[in-house]
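Here the structure comes first, spelled out in structure tokens, and everything after it is commentary.
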Amino acid sequence: MIRSYANSLGLLWVLLSWLLPMSSQAAEYQLDIRKEIVNVTGKPLKKVTVNHSMPAPTLWWTEGEDVVVHVTNHMDEPSSVHWHGIMLPGYMDGVKGLNNYPGIEPGQTFTYRFTVRQSGTYWYHSHTNGQEQDGLFGALIIRPKGIDPVHADREHVVMFSDFSEEDASAIHAHLKMSSDYYNHARRTVGDFFQDVSDNGFKLAWQHASDWGSMRMSPTDLADVSGYTFLINGKTSQQNWTGTFKPGETVRLHMINASAMSFYDVRILDSENKRLKMTVVQADGRNVEPLPVDEFRFGVAETYDVLVQPAEAKAYTIVAEPIDRTGFAIGTLAPKEGMKGLMPEQRPRALLTMADMGDMDMGDMDHSKMSEEEMADMMAQMRSGWAKTGAPRGDKLLSYSNLKFLGEQQDLRTAEREIIVTLGGNMERYIWTMNGKTEMEAEPIALRFGERVKLTFVNETMMAHPMHLHGMFVQLDNGQPAGKLPDKSVVIVAPGKSYSVLLTADESGEWAFHCHLLYHMASGMMNKVVVAKLDGKDSHALEKVTEGKGDGHAH
Amino acid sequence: MLTKKLLPLPLCLLVLILSPASHAHDDMPLFHAFRLELDAGESRDNESVANWNLDGWIGGDDNKLWLKSEGAVIGHNTESSENWAMVSRNVATFWDVQAGVRYDNKPESTAYVVAGVTGLAPYHFETEAHFFASDEGDVSFRLREEKDFLFTQKMILQPFLEFNVFAQDVKELDVGSGLSDANIGLQLRYEITRKIAPYIEVSYDSLFGDTADMADAKGEHTSDSTITAGIRLMF
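Protein sequence lines, in the order shown, are assigned to chains A and B. The first sequence begins at 3 in this note's numbering and counts up one residue at a time. The second sequence begins at 133 in this note's numbering and counts up one residue at a time.
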């Protein structure tokens, strides 16, 4: 009864919105999802477009705006649009099966309506099958209502993505067929002999047997290769260019909208020196300005950086994927058509025992070790994953240096700690949270208003960008309580643990998952249920659907 | 005969695996991975030989239908032909337990019940171990090991080893109890893509114990070697 009442209310809303002219505070958008031929690599391929564009058009909203977005699915498969990093009623979050969101069936339109309660750099993407990989993603920039604490003379969106000629469903099937299907840097017999000549037979044998006994590979950096890396949908040859006038402060809204690719991001001037980037925002939330030379960009993270290119020359934006299989290249230049220095590919890192979380070297008898063995042990205790190959002395972004701009509201310490173990079976390409796949998992239940600590324990050899819908978490990064930075995506490095704090102040069912697309699709997903009452999930659900039944399907 | 009773079993297994009840989520896609090897060449006695070997599965993370078919044609005669259908269940990170049926057309029409394990042993040894009980009540065991050595990302050498052990004499098959036969070999393949790889293979077979004695008494070879070239497909 409640639902049908809500539905008719929703219908009334739409009728009203047709009859009445829109108030200045409400803007209406129409997104049309189609399968169309696109040509990125020279080969025409059927991919997912939004308003005939891949990537989807950039949306510019304003804080406080009541947005109305009609999304029509012209494909012959179900779809959805999820607003990444946005605080909104659960029903509007766009994940089928949560908060009664129905998805968008072929031929149907779903209308999203909510009030924008935040500002910053975000993105939106499909949360259905592999459509995000296949093209359904776009930038979402929300301007602040008042004065922006960040001053810039101009701004550009710089959105990175990884384009594959294969469809997401084929990639997933290949990973299930053979989890190293896309690994073209596996250890060879030659690598072993190289290791023998570098380190001696004993250590080389030990390395091989350490990995062999665990049935793992030190080359397992990225699960999928064969990508063409894009900036704003353009290949390195097409060279996306953002213009500036020398001396201007340019704000770059950087978004990693890739399905699977982490990057090391830097900007080079004409002398191969790094242009200083001042990080002013992380995942859409302002941080105290932090100058860096380079940062590692996790899947689904966003960073806003300020740069001041002084010369009337071309600067090269370089995003190098961590498996070093190419570049996403763009240019900052005084005018279109200029091209700066091309970077050299850095060496691909090898994982170490530290990435396996195997730091238990205390029982070794160090006194019996040779100098080489000692040096090797030290090397194995440093993460190979974290090795960027950046020149010595360069300042790299570290989570520990991020500070909230202003003062956090909730300074409470956590009432309880929730351990989230990140696990997987690389051999079978199954990924888990707390040992369970999405289908088996028990939801994480939180009381409304509760302050909890989430501790991720990564038992795998891959980094996982863990994303919580609907709420920001605060990195427990050693800064004072009022300065802990907000994030909606948290990179948990291989073999490491990392804690975040969370105030459960948004009721509903919130997807909680690894943002590597094929990890999520292979089980690394759960939900966090924030209940307004102490009762069951259904209470939270009712709260959400009662008031907000304004989505509709034609 | 037991054969007739056993044959419907694979069908039941198929229904069981593909039925919605066996996977809780209706969005859960079915995946598959099959390897097909077809090769032809010569034996030491200049006889022509041809082999087929299909091995793979269809299913989900926990439950799979596992199918195998392998055989050899020597001269114009099909010397061996085995067809398997098993339910395979993931029980540990690297291991599946399997149960099902095997039906041989050659050298004799024989049906077996199969139980065993398959998986990846430490140091990346692909391992299969199966027990068989035939419709005549004979019990045997087979182990197969293989391991890849990469010369390059595309040029891969795969040594393999397979042997059979019988619990009793099986007259119909000219097999004596104990270790009956073993097959070792090397396959060198070139992966044009991950799915298509031509290969050359040398393989050495030997009979042992009573089985070898029986062959000797019949005036047959107790060992043979072959060299073949073929193609390996993954789908």
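Glycine residues also receive a C-beta, built at the ideal position from the N, C-alpha and C atoms.
Residue i, buried or exposed, once every other Cβ within 10 Å from all chains shown has been counted against 16
i	result
Arg253 of chain A	buried
Lys178 of chain A	buried
Thr43 of chain A	exposed
Arg234 of chain B	buried
Ser227 of chain A	buried
Thr284 of chain B	exposed
Ala349 of chain B	exposed
Thr243 of chain A	buried
Tyr255 of chain B	exposed
Trp63 of chain A	buried
Asp150 of chain A	exposed
Arg176 of chain B	exposed
Ser25 of chain A	With a pLDDT of 43 at Ser25 of chain A, under the threshold of 50, the predicted position of this residue should be treated as unreliable, and no value is reported.
Leu413 of chain A	exposed
His208 of chain B	exposed
Gly351 of chain B	exposed
Ser241 of chain B	exposed
Extent of the continuous beta strand (DSSP E) run through residue i
i	result
Trp213 of chain A	Here Trp213 of chain A belongs to no beta strand (DSSP E); instead the alpha helix (DSSP H) covers Phe203 to Met216.
His174 of chain A	Careful: His174 of chain A lies outside any beta strand (DSSP E), inside the alpha helix (DSSP H) at Ala170 to Met179.
Val422 of chain A	Arg418 to Asn427
Pro1 of chain A	With chain A represented from 3 up to 556, any question about residue 1 of chain A goes unanswered, as that position is not in the structure.
Gly251 of chain B	Thr242 to Ala253
Pro291 of chain B	Met287 to Phe298
Ile88 of chain A	Premise fails: Ile88 of chain A is in no beta strand (DSSP E) and is neither H nor E.
Gln32 of chain A	Ala28 to Asn41
Ser499 of chain A	Ser499 to Thr505
Asp187 of chain B	Ser180 to Gly191
Val307 of chain B	Val307 of chain B -> no beta strand (DSSP E), and no H or E assigned at all.
Arg189 of chain A	Unbroken run through Arg189 of chain A: none, as it is neither H nor E.
Arg274 of chain B	Val271 to Glu278
Assumed close pair residue i, residue j - CB separation to whole angstroms, cut-off 8 Å
i	j	result
Gly341 of chain B	Gly310 of chain B	5 Å
Thr123 of chain A	Gln310 of chain A	Going by Cβ atoms, the distance from Thr123 of chain A to Gln310 of chain A rounds to 19 Å, so no, they are not a contact pair.
Ile35 of chain A	Met161 of chain A	Not a contact, Cβ separation roughly 18 Å.
Asn131 of chain A	Gly109 of chain A	That pair is no contact at about 17 Å.
Alpha-carbon spacing of residue i relative to residue j, whole angstroms
i	j	result
Asn460 of chain A	Leu424 of chain A	5 Å
Leu2 of chain A	Leu199 of chain B	Residue 2 of chain A falls outside the range modelled here, since chain A spans only 3 to 556, and no answer is possible.
Ile4 of chain A	Gly87 of chain A	Residue placement at Ile4 of chain A cannot be trusted, given a pLDDT of 41 that sits under 50; what the coordinates show is reported in the next sentence. Whole-angstrom Cα-Cα distance: 29 Å.
Val205 of chain B	Trp207 of chain A	42 Å
Pro220 of chain A	Gly359 of chain A	13 Å
Ala377 of chain A	Lys397 of chain A	25 Å
His54 of chain A	Val83 of chain A	16 Å
Lys286 of chain B	Arg188 of chain A	10 Å
Gly96 of chain A	Lys327 of chain B	37 Å
Thr358 of chain B	Asn185 of chain B	16 Å
Asp193 of chain B	Glu442 of chain A	12 Å
Glu313 of chain A	Val69 of chain A	40 Å
Met366 of chain B	Thr113 of chain A	44 Å
Thr360 of chain B	Asn315 of chain B	14 Å
Thr190 of chain A	Ala351 of chain A	15 Å
His155 of chain B	Lys303 of chain B	With a pLDDT of 43 at His155 of chain B, under the threshold of 50, the modelled position of this residue cannot be trusted, and the question is left open.
Endpoints, alpha helix (DSSP H) assigned at residue i
i	result
Met1 of chain A	There is no way to answer for residue 1 of chain A, as the model of chain A reaches only from 3 to 556.
Asp345 of chain B	Gly341 to Ala349
Leu519 of chain A	Leu519 to Ala523
Under 8 Å by beta carbon: chain B residues contacting residue i
i	result
Ser215 of chain A	Pro254 and Tyr255
Ile173 of chain A	Simply none; closest approach about 12 Å.
Arg268 of chain A	In chain order: nothing, as chain B lies at least about 28 Å away.
His129 of chain A	Here the premise fails: no neighbours, minimum Cβ distance about 12 Å.
Arg188 of chain A	Leu282 and Gln285
Closer than 8 Å: residue i CB and nearest the ligand MN heavy atom
i	result
Lys147 of chain A	Among the components of this structure there are no ligands whatsoever, and the ligand MN is therefore not found.
Where residue i meets chain B, residues with beta-carbon distance less than 7 Å
i	result
Val191 of chain A	Phe281, Leu282 and Phe283
Asn427 of chain A	Thr225
Arg350 of chain A	By Cβ distance, chain B contributes nothing, its closest Cβ being about 13 Å from Arg350 of chain A, past 7 Å.
Under 8 Å by beta carbon: chain A residues contacting residue i
i	result
Asp306 of chain B	Ordered by position in chain A, no residue passes the 8 Å Cβ test against Asp306 of chain B, which lies about 39 Å from the chain.
Arg326 of chain B	His176, Ser180 and Tyr183
Ala165 of chain B	Lys178, Met179 and Ser180
Asn222 of chain B	Arg430
Met366 of chain B	Met179 and Ser180
Asp270 of chain B	Chain A residues near Asp270 of chain B: none, gap ~34 Å exceeds 8 Å.
Amino acids of chain B, ordered along the chain, whose beta-carbon sits closer than 9 Å to that of residue i
i	result
Arg326 of chain A	In chain order: nothing, as chain B lies at least about 14 Å away.
Cutoff 9 Å: residue i Cβ touching any chain C Cβ
i	result
Ser82 of chain A	Among the protein chains in the structure shown, which are A and B, there is no chain C.
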